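Here the structure comes first, spelled out in structure tokens, and everything after it is commentary.
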């Protein structure tokens, strides 16, 4: 090879390295400018007197507040603030996606009056939520407060549908007849059947069940899952709704945190109230996985218990072929992957949740919503 050929080759390699480095810098800059982070919880109080009353009475304790689940609608992020500990004045709040800085303001959603802990008709403790295709935010309210210290049941469990455009409550689903004394309701997803009727699915880890609610028919029933789904421990029962391209049948992916295997079932069988013989085994997991969410298509995002790496898995016939798409900063763990439909992006809610559980967060838990390097409809991005 001549001197000039060698020089040109090295020049092209160096140019390629520069392009790759520039692209990495651009990605990091994009993540930085789209980052929202905060400690504890700073609310849009009606006035200073109200804040003072909440604080002096112990109803507002910033270090006991943490966002664990979220959904995005246009320029708003809706966050669930479970009342795991005393001093959480609001259990469902809204953050402006365009807010910047370390202390965004949390606005009670729909309003302050809807958050009163002593009112059984209000939102008591929201642990999960799902935004459907018709702009209805469905929130799962366990009705139990102080669940990490001294649990107190303030109200029966329910799922509440709220129109995000108007802030009006459109439906309340009473789950009393579907739960047992030992029930632990954890996750909620919603789909519209081919006939156009909405159906709500709630995971009940303690009873190895999926609660199915026909919203239009105002009726619900419990679908008990096969024993093989639970394995040894009934700790956390994850559910994720996936839509496969070219297939009108939606599937619910199901797995326990400590379960050795992962499963799926067509939702038409759940709507029919039957799971016997209908569960499909997707294979053995290679560790304890935490399901974080979906891309609203056929992909699931997950991480391993206690690990910062987030993976994307295109759901197939076996649990394999997943790829690394994100890694949380030191001391943070992701609790949800959130589709940002209007921008065709996936964002991630993350926090120092283990520190919060152990009570070592100081003045408040560190929380952030960051941009994940992924997008909805990935092949066309």
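Residue numbers (mature numbering (1 follows the signal peptide of the UniProt record, and there is no 0)): -29 to -1, 1 to 352. Ideal placement from N, C-alpha and C gives every residue a C-beta, glycine not left out. Computed from a predicted model, the values in this text were never measured in an experiment.
{"Asked": "Where residue 377 and residue 272 are concerned, what is the direct C-alpha to C-alpha distance, given to the nearest angstrom?", "Found": "Residue numbering for the chain in the displayed model covers -29 to 352; residue 377 lies beyond these limits and cannot be assessed."}
{"Asked": "By the DSSP assignment, the alpha helix (DSSP H) with residue 20 in it spans what residues?", "Found": "19 to 27"}
{"Asked": "Do the CB positions of residue 40 and residue 99 come within less than 7 Å of each other?", "Found": "yes"}
{"Asked": "Which first and last residues belong to the alpha helix (DSSP H) in which residue 328 is found?", "Found": "324 to 329"}
{"Asked": "Any idea what DSSP makes of residue 2, helix, strand or coil?", "Found": "At residue 2, the pLDDT of 44 sits below 50, so the modelled position is not reliable and the matter cannot be decided from this model."}
{"Asked": "Short of 7 Å in beta carbon distance, which residues of its chain neighbour residue 203, apart from the five on each side in sequence? Order them along the chain.", "Found": "229"}
{"Asked": "Where does the unbroken alpha helix (DSSP H) through residue 200 begin, and where does it stop?", "Found": "198 to 201"}
{"Asked": "Apply the 10 Å Cβ neighbour rule to residue 43 and answer buried if 16 or more other Cβ atoms are within range, or exposed otherwise.", "Found": "buried"}
{"Asked": "Does the pairing of the region 256 to 269 with the region 308 to 328 give three or more beta-carbon distances under 8 Å?", "Found": "yes"}
{"Asked": "Quick one: complete beta strand (DSSP E) runs, 3+ long, within the region 211 to 270?", "Found": "222 to 227, 232 to 237, 251 to 255, 260 to 265"}
{"Asked": "Quick one: complete beta strand (DSSP E) runs, 3+ long, within the region 140 to 197?", "Found": "140 to 145, 156 to 163, 169 to 175, 180 to 185, 190 to 195"}
{"Asked": "At a cut of 8 Å, does the region 52 to 61 reach the region 22 to 30 through at least three beta carbon pairs?", "Found": "yes"}
{"Asked": "For residue 36, list the residues DSSP reports as bridge partners.", "Found": "Per DSSP, none; premise fails for residue 36."}
{"Asked": "What number of angstroms, rounded off, separates the C-alpha of residue 321 from the C-alpha of residue 339?", "Found": "6 Å"}
{"Asked": "Given a threshold of 16 other Cβ atoms within 10 Å of its Cβ, counted over all protein chains shown, does residue 15 qualify as buried or as exposed?", "Found": "exposed"}
{"Asked": "DSSP three-state label for residue 312, please.", "Found": "helix"}
{"Asked": "Are the beta-carbon atoms belonging to residue 141 and residue 101 less than 7 Å from one another?", "Found": "no"}
{"Asked": "So, using beta-carbon positions, are residue 77 and residue 85 closer together than 7 Å?", "Found": "no"}
{"Asked": "Mind checking residue 341: buried by the 16 CB within 10 Å criterion, or exposed?", "Found": "buried"}
{"Asked": "Could you tell me the boundaries of the beta strand (DSSP E) in which residue 277 lies?", "Found": "It is not in any beta strand (DSSP E) - residue 277 carries neither H nor E in the DSSP assignment."}
{"Asked": "Exposed or buried, what is residue -14 when buried is set at 16 or more other beta-carbons lying within 10 Å of its beta-carbon?", "Found": "With a pLDDT of 42 at residue -14, under the threshold of 50, the modelled position of that residue is not reliable, and no figure is offered here."}
{"Asked": "Can you tell me which of the three DSSP states residue 86 falls into?", "Found": "helix"}
{"Asked": "For residue 69, count the other beta carbons within 10 Å of its own beta carbon; 16 or more makes it buried, fewer makes it exposed. Which is it?", "Found": "exposed"}
{"Asked": "Please report how far the alpha carbon of residue 47 lies from the alpha carbon of residue 105, in whole angstroms.", "Found": "16 Å"}
{"Asked": "Which residue comes first and which comes last in the beta strand (DSSP E) that contains residue 102?", "Found": "97 to 102"}
{"Asked": "Please report the straight-line C-alpha distance between residue 51 and residue 183, rounded to a whole angstrom.", "Found": "22 Å"}
{"Asked": "By Cβ distance, which residues of its chain are closer than 8 Å to residue 231, with the 5 residues on each side in sequence left out?", "Found": "202, 255, 256"}
{"Asked": "Take residue 18 as the anchor and find which of 53, 5, 83, 54 has the nearest alpha-carbon.", "Found": "83"}
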